[in-house]
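Presented below is the structure to which this report refers.
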Amino acid sequence: MKLDVNDEVAECLGLSEKELLEILAIALYKLEKINGVQGGKVTGTSEIEFHGILGKYGQFINYDEDDLETDLKNLKDF
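So for the sequence shown, the working numbering puts the first residue at 1; every next one is plus one.
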């Protein structure tokens, strides 16, 4: 899929294409529509680099109690 942002709107926002993609990826991530790996694909980065982008915009990694329980279980099985 290709998204097209009107040049006038983009200029008014004062954001680059890269910044717009980062903001889109962060919004989708925060809505839990995509995960970190997919966020990296949207931004053209790795999952770890995408986590850095989240920090750049003052956002946090989605990680809840279920994730913690899964990680603890995986550690015990390891």
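Ideal Cβ positions, reconstructed from N, Cα and C, are used throughout, including at glycine.
Treat the numbers as computed from the prediction; the structure is a model and nothing was measured.
Between S16 and K33, the alpha-carbon positions lie close to 23 Å from each other. In the structure shown, the three-state DSSP call for Y57 is coil. Taking the C-beta atoms as reference points, V37 is found no nearer than 7 Å to E22. Around the Cβ of T70, a 10 Å sphere holds fewer than 16 other Cβ atoms; the residue is exposed. Taking C-beta atoms as the reference points, F50 and G58 fail to come closer than 7 Å.
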